[in-house]
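First comes the structure, then the notes that go with it.
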Amino acid sequence: MRPLLILKTGSALPDVVARRGDFERWITDGLGLDDDNVEVVDVYRDHEPPAPEETAAVVVTGSAAMVTNRARWSVEAGRWIAEAVDRGVPVLGICYGHQLMADALGGEVGKNPYGREIGTIEVTLTPEGEEDPLLGVLAPAAEVQSTHVESVLVLPPGARLLATSALDPNQAFAIGPRAWGVQFHPEADAEMIRSYVMGRRNVIAREGIDPDALIEATRDSGAGRRLLRRFAEIAGFSP
Numbered sequence: 387m388r389p390l391l392i393l394k395t396g397s398a399l400p401d402v403v404a405r406r407g408d409f410e411r412w413i414t415d416g417l418g419l420d421d422d423n424v425e426v427v428d429v430y431r432d433h434e435p436p437a438p439e440e441t442a443a444v445v446v447t448g449s450a451a452m453v454t455n456r457a458r459w460s461v462e463a464g465r466w467i468a469e470a471v472d473r474g475v476p477v478l479g480i481c482y483g484h485q486l487m488a489d490a491l492g493g494e495v496g497k498n499p500y501g502r503e504i505g506t507i508e509v510t511l512t513p514e515g516e517e518d519p520l521l522g523v524l525a526p527a528a529e530v531q532s533t534h535v536e537s538v539l540v541l542p543p544g545a546r547l548l549a550t551s552a553l554d555p556n557q558a559f560a561i562g563p564r565a566w567g568v569q570f571h572p573e574a575d576a577e578m579i580r581s582y583v584m585g586r587r588n589v590i591a592r593e594g595i596d597p598d599a600l601i602e603a604t605r606d607s608g609a610g611r612r613l614l615r616r617f618a619e620i621a622g623f624s625p
């Protein structure tokens, strides 16, 4: 079987990587796949991915980069994602990947007007989200982990809004039959997101957010794993 491709657009915080591995490790484990079924391409290091039709499915990771900076590697990765969507390859964009897919398909990305969204959050599915073959596993609402300062401000033409949150009205969307973007991190657990809050506590505090309250409020949920396992099934991998 063709591999599932992880398009790596950045790395997690160094201390988190030292303890828990990087994004591709969390995603592979969340999908429930063996490493033999996964190919990782570091597009942010200018590594070139295979043709979309050579992959069973694609997961696009998060990143500390900003889509609005329009780095060359990011723009090129966006074009590749748009081609994969056009060819009907199952695609799941996570955080930066969610934003990059929206941007590449004609949406608008920018600084979240509601401010930084970080910690354990609740996402609420729209009626269409509750019926969606992927997001429907979270219906009607779920607690997930999140960290971002940019958001999808305008969905791409033809996109279907699937979920919202208190600080992001475009928390998840679908476009075409098998492409999804989620602003939250289904691969992350509470310990990982606490590390992000601690790593950015000074900047968070300067923004008027209480980092200690965020840390206290973090909690684990099986929602992210359910979503990733369902995506693996959609991609053709047996549970």
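With this note's numbering applied, the sequence shown corresponds to residues 387 to 625, in that order.
Cβ coordinates follow ideal geometry from the N, Cα and C atoms, glycine included.
Quiz item: Going straight from the alpha carbon of V453 to that of P499, what length do you get?
Solution: Indexing the sequence shown from 1 puts residue 453 at position 67. Indexing the sequence shown from 1 puts residue 499 at position 113. Taking the straight line joining both Cα atoms gives about 16 Å.
Quiz item: Buried or exposed: where does R465 fall if 16 or more other Cβ atoms within 10 Å of its Cβ makes it buried?
Solution: Along the sequence shown, one-based indexing puts residue 465 at 79. Residue burial annotation: R465 is exposed, with fewer than 16 other C-beta atoms found within 10 angstroms of its C-beta.
Quiz item: Is DSSP giving D489 helix, strand or coil here?
Solution: Locating residue 489 in the sequence shown gives position 103, counting from the first residue. Reduced to three states, the DSSP call for D489 is helix.
Quiz prompt | DSSP bridge partner residues for V509 (one or two, in chain order) | solution = Against the sequence shown, residue 509 aligns to sequence position 123. Assignment of beta-bridge partners to V509 by DSSP yields A528 and S551.
Exercise. Name, in chain order, the residues that DSSP records as bridge partners for I392.
Key: Position 6 of the sequence shown holds residue 392. Its beta-bridge partners are V426 and V445.
Quiz item: Using CA coordinates, which residue listed in L390, A558 and E577 is at the minimum distance from I480?
Solution: In the sequence shown, the residue the question calls residue 480 occupies position 94. Here the closest residue by C-alpha is A558.
Quiz item: Mapping DSSP to helix, strand and coil, what is I561?
Solution: As a first step, residue 561 is located in the sequence shown; it is residue number 175 there, counting from the start. In this structure, I561 counts as coil in the three-state DSSP scheme.
Practice problem: Tell me whether the beta-carbon of L393 lies closer than 9 Å to the beta-carbon of A618. | Solution: Counted from its first residue, the sequence shown places residue 393 at position 7. Counted from its first residue, the sequence shown places residue 618 at position 232. Not closer than 9 Å, so no.
Quiz item: By DSSP, does L520 sit in helix, in strand, or in coil?
Solution: Here the question's residue 520 lines up with position 134 in the sequence shown. Correct three-state label for L520: coil.
Practice problem: Out of A549, D518 and R586, state which residue places its alpha-carbon closest to the alpha-carbon of T533. | Solution: In the sequence shown, residue 533 corresponds to position 147, counting from 1. The residue among A549, D518 and R586 with its C-alpha nearest the C-alpha of T533 is R586.
Quiz prompt | Alpha-carbon to alpha-carbon, L613 and L548 | solution = The count along the sequence shown starts at 1 and reaches residue 548 at position 162. The count along the sequence shown starts at 1 and reaches residue 613 at position 227. If you take the alpha carbons of L548 and L613, they lie about 13 Å apart.
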